[in-house]
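Protein chains in written order, with the numbering used here: chain A, 737 to 980; chain Z, 1437 to 1731.
Every residue, glycine too, gets a C-beta built ideally from N, C-alpha and C.
Note that the structure is a prediction, hence the values are computed from the model and not measured.
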């Protein structure tokens, strides 16, 4: 049975979520604080399939909980749910490592669709019949230089090192690879990758780029693959000019 | 937050740097032109003091402005949360009732939850509107004779009903009947805020005593709780607009930072005062509201 952890200190909302998620056939546990959630989610505990995480929590807030989880290599699917709906808040949530983000008030059916979508994606990744789970062969991957991205495993391999990617990092990387060689504006990334259409300070994307550079560049300060295009955005180059 | 602290540090460092440069330049000038006489030196010192105090004042007001902005941001976050959470909850339950088969018992529970959320929303809106009215200059008090004991009883009954508290957890002791001249709406808001706060910050074991007492020309409402308490250095600040005690103990309780500001404003407008006492964090607190007796 699919297990969902709800981290929410507003009792009414927590109870409402529990009722609806249980009606959908999920098993639900509710905790009120980020600290309690961190304790329950200590790796390698893989009890929960998905976490619904509120931002405005007493003590540690949702953003802190999210980044601590990811730093501790806990990559459980996480949907952040919060009253803070500024584009910067949403991007902060994704930057902290969230897989998805919804703002309150939310539509019940949309929330459930998001949860189903996240779980389905994970099932697809797990259950390719010709890929034995012990050592799956990547089917959806891209190689450049000595690096390879495995979108189905959410992994980036650089020589013998493996970096786990969050869903959003993988999506951004995929988008950059699809437009290889062409400059892409920050606005386009925001719209196509995050689905945000608001006029916003799009600088928050830069945080993602900094992280991706840390993974894929030998010298992140002097990028060769993920280049800045001044006044526009970024450009991905699979084979840097000097090597051509 | 970190960015703000950085800019405060920057402005202070900048101010100190500027003052040091001025002093060095001035000392240099004095050493070079000592021969021109004492009068010029004294005039120079006077000018120097004026310039330095200008720089200091400027730095102080910049830092204050940053601090004020920080509080406003915190307030907007708190209000966003306080307004959106009940709306989100009501919507969640309405959609649940609309889309799912819910048995009679659950249905009643959902209605009760929605009514509570509705009350919470209304209370937040009233708090904000009241703060706005307090700020507006020239609004006159609508003075009437108020029987304090029955007003306190009324506020207590509402709080008991709202939080389902047994009578022994929220008790009232009063002396001989006292009347005050006041604006009924405002005094009720102030007393009710104090009682609400005492319950809100008590945690699970509510034990709140309310007392009224007459002391030469004044009447004192005393609300004593055994809750989270207040650190000494926060006792005055809690009455400031938007201020909320930092730290995990008090932030477990949600609020807008307006309640005690309203209490203090009401007290002042009625010629009284409001203050708090506490033995420190975790040791309960007592709030006092002092108002002049009706003649």
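Members of the region 782-816 of chain A that neighbour chain Z once the beta carbon cut-off is set at 7 Å: 792, 794, 795
Contact list for residue 1553 of chain Z against chain A, beta-carbon separation under 8 Å: 748
N- and C-terminal bounds of the beta strand (DSSP E) containing residue 1648 of chain Z: 1644-1651
Environment of residue 1576 of chain Z [buried if 16+ CB atoms lie within 10 Å]: When all chains shown are included, residue 1576 of chain Z counts as exposed.
Exposed unless 16 or more other CB atoms sit within 10 angstroms - verdict on residue 1603 of chain Z: exposed
Neighbouring residues, chain A, relative to residue 1523 of chain Z (Cβ below 7 Å): 841
Boundaries (first-last residue) of the alpha helix (DSSP H) holding residue 1492 of chain Z: 1474-1535
Beta-carbon separation (whole angstroms), residue 795 of chain A vs residue 775 of chain A, contact threshold 8 Å: That belief does not hold up - the Cβ atoms of residue 795 of chain A and residue 775 of chain A are roughly 12 Å apart, past 8 Å.
Exposure label - residue 1463 of chain Z; buried when at least 16 CB within 10 Å: exposed
Residues near residue 1729 of chain Z in its chain [Cβ-Cβ closer than 8 Å; skip 5 each side]: 1614, 1615, 1616, 1650, 1653, 1654, 1655
Residue interval of the beta strand (DSSP E) (run including residue 790 of chain A): 786-790
Inter-residue Cα distance where the pair is residue 1512 of chain Z and residue 1700 of chain Z: Within the model, the alpha-carbon separation for residue 1512 of chain Z versus residue 1700 of chain Z is close to 21 Å.
Residue 752 of chain A beta carbon less than 8 Å from that of residue 1547 of chain Z: no
8 Å Cβ cutoff, residue 943 of chain A in contact with chain B: The structure shown contains no chain B; its protein chains are A and Z.
Proximity below 8 Å, CB of residue 1517 of chain Z to CB of residue 802 of chain A: With respect to residue 802 of chain A, residue 1517 of chain Z sits apart: the two C-beta atoms are not nearer than 8 Å.
Proximity of residue 810 of chain A and residue 779 of chain A at Cβ, strictly below 8 Å: yes
Contact between the region 1591-1605 of chain Z and the region 1672-1681 of chain Z (3+ Cβ pairs under 8 Å): no
Interface positions of the region 844-856 of chain A facing chain Z (Cβ-Cβ less than 8 Å), listed along the chain: 844, 845
Given residue 854 of chain A as reference, the closest of A:813, A:876, A:823 once Cα atoms are compared: That would be A:813, whose Cα lies nearest to the Cα of residue 854 of chain A.
Alpha-carbon to alpha-carbon, residue 799 of chain A and residue 825 of chain A: Whole-angstrom Cα-Cα distance: 9 Å.
Chain-order list of residues whose beta-carbon lies under 7 Å from that of residue 1665 of chain Z (same chain, five-residue window excluded): 1714, 1715, 1716, 1717, 1718, 1719, 1720, 1721
Where residue 1531 of chain Z meets chain A, residues with beta-carbon distance less than 8 Å: 843, 844, 845
Unbroken alpha helix (DSSP H) run spanning residue 1680 of chain Z, endpoints: Run containing residue 1680 of chain Z: none; DSSP gives neither H nor E here.
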